[in-house]
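Structure first, then comments.
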Amino acid sequence: MVKILFFLFLVWLMGALGAAKNNFLDDVILSELDDLDVEDSDEAELFDLPRWGIDRGNKILVNVDSFGAVGDGTSDDTKAFVDAWKQACSTPKSVLLVPAGRSYLVNATRFRGPCVGILRVQIEGTIVAPDDPKNWNFAKNGRIWLGFFNLTGALFQGGGVVDGSGSKWWAASCKKNKTNALTIYGSSGIKVRDLTIQNGQQMNFAISRSDSIRIAGVTVSAPEDSPNTDGIHITESTNVVLQNSKIGTGDDCVSIVNASSHIKMKRIYCGPGHGISIGSLGKDNSVGIVTGIVLDNAFLRGTTNGLRIKTWQGGSGYVRAVRFQNVRMQDVSNPIIIDQFYCDSPKSCQNQTSAVEISEIVYRNVSGTSKSQKAIKFACSDNVPCSHIVLNNINLETRDGTAEVYCNSATGIGYGYIHPSAECLNSSDKKIKQKMDARLVEPREEYIVHTEL
Numbered sequence: 019m020v021k022i023l024f025f026l027f028l029v030w031l032m033g034a035l036g037a038a039k040n041n042f043l044d045d046v047i048l049s050e051l052d053d054l055d056v057e058d059s060d061e062a063e064l065f066d067l068p069r070w071g072i073d074r075g076n077k078i079l080v081n082v083d084s085f086g087a088v089g090d091g092t093s094d095d096t097k098a099f100v101d102a103w104k105q106a107c108s109t110p111k112s113v114l115l116v117p118a119g120r121s122y123l124v125n126a127t128r129f130r131g132p133c134v135g136i137l138r139v140q141i142e143g144t145i146v147a148p149d150d151p152k153n154w155n156f157a158k159n160g161r162i163w164l165g166f167f168n169l170t171g172a173l174f175q176g177g178g179v180v181d182g183s184g185s186k187w188w189a190a191s192c193k194k195n196k197t198n199a200l201t202i203y204g205s206s207g208i209k210v211r212d213l214t215i216q217n218g219q220q221m222n223f224a225i226s227r228s229d230s231i232r233i234a235g236v237t238v239s240a241p242e243d244s245p246n247t248d249g250i251h252i253t254e255s256t257n258v259v260l261q262n263s264k265i266g267t268g269d270d271c272v273s274i275v276n277a278s279s280h281i282k283m284k285r286i287y288c289g290p291g292h293g294i295s296i297g298s299l300g301k302d303n304s305v306g307i308v309t310g311i312v313l314d315n316a317f318l319r320g321t322t323n324g325l326r327i328k329t330w331q332g333g334s335g336y337v338r339a340v341r342f343q344n345v346r347m348q349d350v351s352n353p354i355i356i357d358q359f360y361c362d363s364p365k366s367c368q369n370q371t372s373a374v375e376i377s378e379i380v381y382r383n384v385s386g387t388s389k390s391q392k393a394i395k396f397a398c399s400d401n402v403p404c405s406h407i408v409l410n411n412i413n414l415e416t417r418d419g420t421a422e423v424y425c426n427s428a429t430g431i432g433y434g435y436i437h438p439s440a441e442c443l444n445s446s447d448k449k450i451k452q453k454m455d456a457r458l459v460e461p462r463e464e465y466i467v468h469t470e471l
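Following our numbering from start to finish, the sequence shown increments by one per residue and tops out at 471.
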């Protein structure tokens, strides 16, 4: 963490020094990116935590059935869940249990903290949402189905299912009334593992305004044609670790948006979906800032994008210090793409001169097959170009062998094995190239292979 803070301080300092900035970036920033990491010292604790079945100890069990839950999938069990939550939240060393073999229908509910001590939520059965949006009170419930607020140190686990019953919500007539399935908001020290989250009304799992979140062994699933069903959406959050998870949806597998930093993703399977995305940022001339992102060891299959950064014209702010490494792709459209002209609107977007600045982005050990001819695309603003883009050991090919690279207003370097050739990216500053060549100690890899997760 100290190194990251020091790195960001240096970037700020160079902005203040004006003309000296570029020379310093050449000498220091690329080196800092090589060592960029996200602190996750308590990951082992997450994996070593015992399951409820072998760790009853002196825990106090709070079973939703004891509060009147029926669990037949049709009876409204909302009140039983609310009452059980109040009891568990106010009792030290408690475990809120959703029993296996049952399906509990729960309406939109906000489970609020803070709670006494560390609360464990053991979801072994299925929690299911009402399947008809016509009965939804949007004025009261807003955009959240199951929301957990103001928690500290809570653990969610159990191998159960959170089912948003989103099929009727995906119809065109309901698109304006979307809601998120599972949301963690304003919380810290939260751990989520071994759960399945599926068929979200819109985003399946949202992390908002939270810190120190650990997610492991999670499966997120929605049909490929379900609109706006992002798998895991991270906004205004910091110090998030996501690993050993499988995500397949109708939108981004993972989306990271404004005011998010120090996000680490490890061993991620993505597909179907729109890939791993930073953004969109800068819509409606807004400020977007994302920094300190690492994706390490991922497999993407059949997605419409691979590793994507997307920003709107007219925005401001920056995306900096991002590393994508050890990524294998199969039949992915747009495997590597930066798009500063993103426009998700029925009307064409007006050309604007301002843009979210994108710099210090590293792609290392990325291989596989592209469904589009332009396997690498850097569509950057003429007024706010993309800079310090690094390609290292890239092997992307189309089925007919015509993979290409497209660059507009993007500068950086490539070293190691680069296919297709990215000559359009090469920096005009020879010192940067010489510095990277001198530091090249990794073996050349003709084709990088990663096992499917």
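Each residue gets a CB set at the ideal place from its N, CA and C atoms; glycine is no exception.
Check: When we look at the beta-carbon of E441 and count the other beta-carbons within 10 Å, is it buried (16 or more) or exposed?; Outcome: exposed
Check: Taking DSSP as the reference, what is the three-state secondary structure of W163?; Outcome: strand
Check: What residue range is occupied by the uninterrupted alpha helix (DSSP H) comprising D101?; Outcome: T96 to C107
Check: Hey, T387 and Q348: beta-carbon distance below 7 Å or not?; Outcome: yes
Check: Please classify N369 as buried or exposed, where buried requires at least 16 neighbouring CB atoms within 10 angstroms.; Outcome: exposed
Check: Using the rule of at least 16 other Cβ atoms within 10 Å of the residue's Cβ for burial, across every protein chain shown, is A189 buried or exposed?; Outcome: exposed
Check: Hey, G289 and G266: beta-carbon distance below 7 Å or not?; Outcome: yes
Check: So H437 is in the beta strand (DSSP E); what residue range does that whole segment cover?; Outcome: A428 to H437
Check: Is the beta carbon of N198 less than 7 Å from the beta carbon of Q216?; Outcome: no
Check: Who are the near neighbours of T309 in its chain, counting only those whose CB is closer than 6 Å to its CB and skipping five residues on each side?; Outcome: S279, R338 and A339
Check: Keeping to the same chain, check which residues put their C-beta closer than 7 Å to that of K328; ignore five residues upstream and five downstream.; Outcome: S295, G297, S298, D357 and Y360
Check: Please return the same chain residues whose Cβ sits closer than 7 Å to the Cβ of S390, not counting the five positions on each side in sequence.; Outcome: S351 and N352
Check: So for C442, helix, strand or coil by DSSP?; Outcome: helix
Check: Counting only C-beta atoms, is Q105 closer than 7 Å to chain C at any point?; Outcome: In the structure shown, chain C cannot be found, because there is only a single protein chain.
Check: Start and end of the beta strand (DSSP E) containing V139?; Outcome: R138 to I141
Check: What number of angstroms, rounded off, separates the C-alpha of V384 from the C-alpha of S205?; Outcome: 34 Å
Check: Below 6 Å CB to CB, which residues in the same chain sit around G86 once its five sequence neighbours on both sides are set aside?; Outcome: A98
Check: Can you tell me which of E242, D243 and K209 puts its alpha carbon nearest to the alpha carbon of A234?; Outcome: K209
Check: Mind checking which residues open and close the beta strand (DSSP E) that includes S230?; Outcome: D229 to A234
Check: Could you work out which residue in W103, Q140, E378 and P151 is closest to L173 when comparing CA atoms only?; Outcome: Q140
Check: Looking only at C-alpha atoms, which of D418, S377 and T420 sits nearest to L443?; Outcome: S377
Check: Give me the Cα-Cα distance between T92 and L123, rounded to the nearest whole angstrom.; Outcome: 6 Å
Check: Which same chain residues end up closer than 6 Å to G306 when comparing Cβ atoms and leaving out the 5 residues on each side of it in sequence?; Outcome: N276, L299, G300, G333, G335 and V374
Check: What does the Cβ neighbour count give for W103, buried or exposed, with the cut at 16 atoms within 10 Å?; Outcome: buried
Check: Per DSSP, which one or two residues make a beta bridge with H251?; Outcome: A224 and S273
Check: With distance defined between alpha-carbon atoms, name the residue in V423, E254 and P110 nearest to K395.; Outcome: V423
Check: So, for V88: in the same chain, excluding its five sequence neighbours on each side, which residues have a beta-carbon less than 7 Å away from its beta-carbon?; Outcome: D95
Check: Going by DSSP in three states, S304 sits in which element: helix, strand or coil?; Outcome: coil
Check: Tell me the DSSP secondary structure of K395 in three-state form.; Outcome: strand
Check: Assign S363 to buried or exposed, taking buried as 16 or more other Cβ atoms, counted over all protein chains shown, within 10 Å of its Cβ.; Outcome: exposed
Check: In terms of residue numbering, what span does the beta strand (DSSP E) encompassing T127 cover?; Outcome: T127 to R130
Check: Sorted by chain position, which residues of the same chain lie with C-beta nearer than 6 Å to V180's C-beta, five sequence neighbours on each side aside?; Outcome: I145, L200 and I215
Check: Give me the Cα-Cα distance between I82 and I355, rounded to the nearest whole angstrom.; Outcome: The sequence as given places Val at residue 82; Ile does not occur at that position. Those two C-alpha atoms are separated by around 47 Å.
Check: Taking contact to mean 3 or more Cβ pairs, one atom from each stretch, closer than 8 Å, check whether the stretch 281-288 and the stretch 257-264 are in contact.; Outcome: yes
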